[in-house]
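Quick note: the sequence shown uses my numbering, first residue 18, plus one each step.
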Amino acid sequence: MKSVKAAKVSGKKVILRADLDLPLRQASSGQVEVADDTRLKALLPTLKYLLDRGAKVIVIGHLGRPEGKRDPKLSLEPVAVRLQELLRKRIEFFPELPITNYQLPNIALLENLRFWDGEEKNDLGFAKKLAGLGDIFVNDAFAASHREHASIVEIPKHLPAYAGLRLEEE
18 MKSVKAAKVS
28 GKKVILRADL
38 DLPLRQASSG
48 QVEVADDTRL
58 KALLPTLKYL
68 LDRGAKVIVI
78 GHLGRPEGKR
88 DPKLSLEPVA
98 VRLQELLRKR
108 IEFFPELPIT
118 NYQLPNIALL
128 ENLRFWDGEE
138 KNDLGFAKKL
148 AGLGDIFVND
158 AFAASHREHA
168 SIVEIPKHLP
178 AYAGLRLEEE
């Protein structure tokens, strides 16, 4: 897989597969928050690289094992909140598919891919829905790259695919 540095991303919608399987905790406020943001911090160089070059980025990933069912305890919404704090840029969180009739912000984060059973089943139709969101695919999810999931295996068959900066390091 070629380096993201070889991609022409200006003005493009980039689907960024990230390691988002982070530990969460209940804060004293009652809100759920990220307990350890190490993987988010590791994502920042690739994300900033893409944004600095004029890409609109759709971050995708999974959290836990909801087995194709929605589990509010495994939502990526707290991850979007923490990523927004780290980047100091607005992130639009999308809890549903398909995403229709929207103006893509500079950074979007899609809900936990494992809420859809098509992710773990490596479903071609699900992968095509995801691929339809972007122009380019960048994999920066080293910890998930061995999985036979739609977002890892199938999306790169439908879009130009590149390795993120973190994936290159590994």
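All C-beta atoms in this analysis are idealised placements derived from N, C-alpha and C, irrespective of residue type, glycine included.
A contact is defined here as three or more CB-CB pairs under 8 Å, and the stretch 170–183 meets this definition with respect to the stretch 139–158. Between the alpha carbons of residue 59 and residue 97 lies a gap of roughly 15 Å.
Between residue 130 and residue 75, the C-beta gap is not smaller than 8 Å, which leaves the two residues out of contact.
Within its own chain, the residues whose Cβ lies closer than 8 Å to the Cβ of residue 180, once the five positions on either side in sequence are excluded, are 18, 19, 20, 21, 155, 156 and 157, listed in chain order. The criterion of a C-beta distance shorter than 8 Å is satisfied by residue 128 and residue 111. Beta bridge pairing from DSSP links residue 179 with 19 and 155. For residue 52, the closest C-alpha among the options 62, 46 and 39 is that of 39. Per DSSP, the continuous alpha helix (DSSP H) segment holding residue 65 begins and ends at 55–69. Excluding five sequence positions before and after residue 67, the CB atoms of its chain that fall closer than 6 Å to its own CB belong to 26, 31 and 74, given in chain order.
With a beta-carbon spacing of about 19 Å, residue 147 and residue 100 fall beyond the 8 Å limit used to define contacts. Straight through space, the alpha carbons of residue 24 and residue 186 are spaced by roughly 17 Å.
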